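Protein chains in written order, with our numbering: chain A, 5 to 233; chain B, 8 to 440.
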């Protein structure tokens with residue numbers, strides 16, 4: 005009821021991204037997309053199809069060259085760099101293919117990094133990070149350095165970091181690209197669990213099995229997005 | 008009622024929040040507030056980045072440590088050495104006045120009275136005074152034996168100086184053996200002599216046990232003392248010194264040639280003005296009163312020469328240290344590209360990234376500064392202790408050095424920090440792991 009009255013979390017209209025000028029390369033062409041609260045959208049496509057570019061624009065790490073993008077009803081194209089950074093830190097969680105954990109910080113410190121750029125109090129930050137680690141089932145590894153963890157465990161730490169700040173949306177760039185199939189199943193189970201809890205997830209992947217687990221699927225080819233059945 | 012309703016509404020919202028933590032509602036303006044980092048978090052992130060590779064950080068800091076240690080040590084040592092030179096200078100030159108005849112005045116108008124020392128010692132500020140004259144002995148030579156030995160030289164052309172008893176304290180003569188000429192020797196015109204150390208060596212006189220005598224021409228003078236050294240009038244070192252009264256009788260000395268005056272420190276200027284009035288009130292322009300230049304100027308000159316050289320050495324070391332920090336910070340930025348991308352994704356702005364790297368490089372400089380200042384101060388104290396000098400160090404220097412180190416780190420880190428800030432997050436995330 006409530007979510008139906010609210011605008012979509014992500015709303016793209018006629019979105020385009022052009023790189024270079026001589027000759028220009030259109031990575032995204034006329035993309036229309038709506039993602040609503042609680043959805044799990046998988047965007048599949050071959051490499052070079054523009055799916056990473058789309059995720060980067062949705063994650064405010066890149067800016068479109070054409071079209072409109074509203075995040076939670078806010079037209080983000082009018083925002084200053086610091087406001088976009090603020091929106092990233094508060095509303096978005098990122099999960100990358102290569103984990104991006106800081107090697108010389110413990111697992112707990114890596115998760116705590118999530119709140120550093122929110123200018124928030126440091127009080128209870130450790131407890132909040134520990135709760136996020138518990139959510140991904142890695143409480144026992146809190147004091148480890150990431151180098152001692154397996155690939156699947158590292159990605160779970162990255163997921164804990166992404167969900168610690170209660171983001172509006174979790175953006176995943178090939179989240180299972182660097183881990184074996186057994187671990188992939190675990191990670192996907194975790195995503196399904198988080199999604200059942202209400203977390204909106206957008207994941208891009210070239211793996212059809214991963215896309216299969218999502219509640220909604222789209223495919224992107226040569227910069228054009230179309231909804232899968 | 009409306010209040011209660013609002014409260015219930017809030018409560019309801021919270022209930023929904025508990026049921027679904029990911030659906031927490033925020034107002035748009037809260038969402039788009041600029042991101043920020045608290046000073047405590049910034050310091051924590053910078054220090055964590057810095058101490059991630061302690062070995063490399065230590066080596067990097069080493070350049071600044073050496074540079075600042077050199078700077079502090081050279082500043083301290085130049086001050087210490089300068090202070091020593093000036094101390095030496097003050098003690099001797101700044102307390103010396105030499106009165107002589109004016110070259111332009113007539114002999115009568117410029118003659119120094121025999122009782123000059125007694126007159127001057129009555130002046131406030133005068134410590135000691137004595138007459139000194141070179142005696143004209145014509146073609147006569149000085150020898151120790153009446154017998155001429157053809158196998159070796161027995162006769163020498165030595166200077167003969169006539170001194171009043173007060174001269175020895177005015178020139179700070181140091182006696183090796185025997186005694187000095189006294190008032191009685193001069194009054195009675197005794198044929199006695201005191202030898203300067205090189206004159207004694209030349210004449211082959213090493214001690215007074217054999218009651219040695221010297222001959223000036225045909226007259227025999229009993230040697231009563233041998234000097235070890237003098238602080239002023241180095242001509243005395245190679246001279247045969249006889250009493251003034253004896254020089255008057257034997258060599259027809261008509262008036263003293265010089266009066267050497269030792270004053271208390273700081274009194275030379277005043278005493279110099281009073282001397283003509285005390286010695287020749289009838290002929291104020293007949294005398295030449297020479298006092299050394301102001302000691303302060305000598306101090307400045309001596310120190311500025313030493314300081315420029317030492318400062319240049321310290322400056323070069325610091326430049327090397329700064330380049331080291333710049334290099335390592337730049338390498339660190341390259342290596343941490345992925346981390347920079349991650350931080351941007353987590354909400355860091357370009358400014359946050361730049362400030363973090365600047366803080367890391369400034370901290371490196373600060374650590375180098377603290378260590379360098381400590382080592383430099385220890386060097387100053389150690390060298391001073393070894394040389395028995397008094398260590399002199401401007402109290403500002405040990406405190407300014409760490410700040411200078413931090414500033415150097417800050418300047419060195421500027422270019423790498425700007426490079427880090429300019430990285431596009433997408434590129435940084437893609438290239439870094």
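Ideal Cβ placement from N, Cα and C applies to all residues, glycine included. Owing to the predicted nature of the structure, the values given are computational and were not obtained by experimental measurement.
What residues of chain A sit near residue i, judged by a beta carbon separation below 7 Å?
i             : result
residue 356/B : 85, 86 and 89
residue 335/B : Within chain A, no residue comes near residue 335/B; the closest Cβ sits about 16 Å away, beyond 7 Å.
residue 73/B  : Chain A residues near residue 73/B: none, gap ~27 Å exceeds 7 Å.
residue 415/B : By Cβ distance, chain A contributes nothing, its closest Cβ being about 26 Å from residue 415/B, past 7 Å.
residue 59/B  : 108
What residues of chain B sit near residue i, judged by a beta carbon separation below 7 Å?
i            : result
residue 95/A : 38
residue 66/A : 433
For residue i, which residues in chain B fall below 9 Å Cβ to Cβ?
i             : result
residue 98/A  : 349, 352, 353 and 436
residue 104/A : 345, 346, 348, 349, 352, 436, 439 and 440
Short check: CB of residue i to CB of residue j, under 7 Å?
i             : j             : result
residue 196/A : residue 97/A  : no
residue 174/B : residue 139/B : yes
residue 208/A : residue 59/A  : yes
residue 47/A  : residue 222/A : yes
residue 107/A : residue 150/A : yes
residue 87/B  : residue 396/B : yes
residue 140/A : residue 164/A : yes
residue 399/B : residue 90/B  : yes
residue 144/B : residue 248/B : no
residue 201/B : residue 252/B : no
residue 269/B : residue 135/B : yes
residue 11/A  : residue 99/A  : no
residue 215/B : residue 185/B : yes
residue 409/B : residue 373/B : yes
residue 68/B  : residue 322/B : no
residue 42/B  : residue 121/A : yes
residue 190/A : residue 103/A : no
Quick one: measure Cβ to Cβ for residue i and residue j, integer angstroms, because I've assumed they're closer than 8 Å.
i             : j             : result
residue 412/B : residue 379/B : 7 Å
residue 71/B  : residue 328/B : 4 Å
residue 91/A  : residue 112/A : In fact, because the Cβ distance is near 26 Å, the residues do not count as touching under 8 Å.
residue 205/B : residue 260/B : About 23 Å separates the two Cβ atoms, so there is no contact after all.
residue 165/B : residue 246/B : 7 Å
residue 123/B : residue 263/B : 6 Å
residue 205/A : residue 229/A : Not a contact, Cβ separation roughly 17 Å.
What residues match up with residue i in a beta bridge as DSSP calls it?
i             : result
residue 4/B   : Residue numbering for chain B in the displayed model covers 8 to 440; residue 4/B lies beyond these limits and cannot be assessed.
residue 177/A : 208/A
residue 181/B : 236/B
residue 108/B : 294/B
residue 217/A : Residue 217/A pairs with nothing; no bridge assigned.
residue 231/A : 222/A
residue 96/A  : 173/A
residue 136/B : 268/B
Which chain B residues are close to residue i, counting only those with a beta carbon under 8 Å from its beta carbon?
i             : result
residue 200/A : The premise fails here: residue 200/A is roughly 10 Å from chain B at the closest Cβ pair, so nothing lies under 8 Å.
Name the chain A residues that come within less than 8 Å of residue i, Cβ to Cβ?
i             : result
residue 392/B : None at all; the shortest Cβ gap to chain A is about 43 Å.
residue 401/B : Going along chain A, no residue has its Cβ under 8 Å from residue 401/B, so there is no contact; the nearest lies around 41 Å.
residue 41/B  : 84, 86, 87, 89 and 90
residue 47/B  : 126
residue 342/B : Result: empty, since nearest Cβ-Cβ is about 11 Å, beyond 8 Å.
Any chance the CB of residue i is under 6 Å from a heavy atom of the ligand GTP?
i             : result
residue 163/B : Of ligands this structure carries none, so the ligand GTP is not represented either.
Can you list the residues of chain A that residue i reaches, using a CB-CB cut of under 9 Å?
i             : result
residue 360/B : By Cβ distance, chain A contributes nothing, its closest Cβ being about 10 Å from residue 360/B, past 9 Å.
residue 55/B  : 106, 108, 109 and 113
residue 44/B  : 120, 121, 122 and 123
residue 367/B : Near residue 367/B there are no residues of chain A at all, since even the closest Cβ is about 13 Å away, more than 9 Å.
For the 8 Å Cβ check, are there 3 or more pairs between the segment 224-240 of chain B and the segment 177-195 of chain B? The segment 224-240 of chain B makes contact with the segment 177-195 of chain B: 3 or more CB pairs, one atom from each, lie closer than 8 Å.
Touch test, the segment 365-375 of chain B against the segment 52-69 of chain B, Cβ-Cβ under 8 Å, three pairs minimum: Judged by Cβ distances under 8 Å, the segment 365-375 of chain B makes contact with the segment 52-69 of chain B, as three or more pairs qualify.
Determine which residues of the segment 106-129 of chain A have a Cβ less than 7 Å from any Cβ of chain C, and write them out in chain order. No chain C is present in this structure, whose protein chains are A and B.
Could you tell me whether the segment 33-44 of chain A touches the segment 140-154 of chain A, where touching means 3 or more Cβ pairs closer than 8 Å? Result no; under three Cβ-Cβ pairs closer than 8 Å.
Please determine if the segment 11-22 of chain A and the segment 69-77 of chain A are in contact, where contact requires at least 3 C-beta pairs separated by less than 8 Å. Output reads yes: the segment 69-77 of chain A touches the segment 11-22 of chain A.
Kindly confirm or deny that the segment 72-81 of chain B and the segment 332-352 of chain B touch, where touching means at least three C-beta pairs closer than 8 Å. No: the two stretches stay apart, fewer than three of their Cβ pairs being nearer than 8 Å.
Quick check: the segment 112-126 of chain B against the segment 277-292 of chain B, are there 3 or more CB pairs under 8 Å? Judged by Cβ distances under 8 Å, the segment 112-126 of chain B makes contact with the segment 277-292 of chain B, as three or more pairs qualify.
Any contact of the segment 414-425 of chain B with the segment 106-114 of chain B, i.e. 3+ C-beta pairs under 8 Å? The answer is no - the segment 106-114 of chain B does not touch the segment 414-425 of chain B, with fewer than three Cβ pairs under 8 Å.
Does the contact criterion of 3 or more C-beta pairs under 8 Å hold for the segment 271-279 of chain B versus the segment 184-194 of chain B? The segment 184-194 of chain B and the segment 271-279 of chain B do not touch, with fewer than three beta-carbon pairs separated by less than 8 Å.
How do the segment 209-228 of chain A and the segment 111-131 of chain A stand: do at least 3 beta-carbon pairs fall below 8 Å, yes or no? Too few Cβ pairs lie closer than 8 Å, so no.
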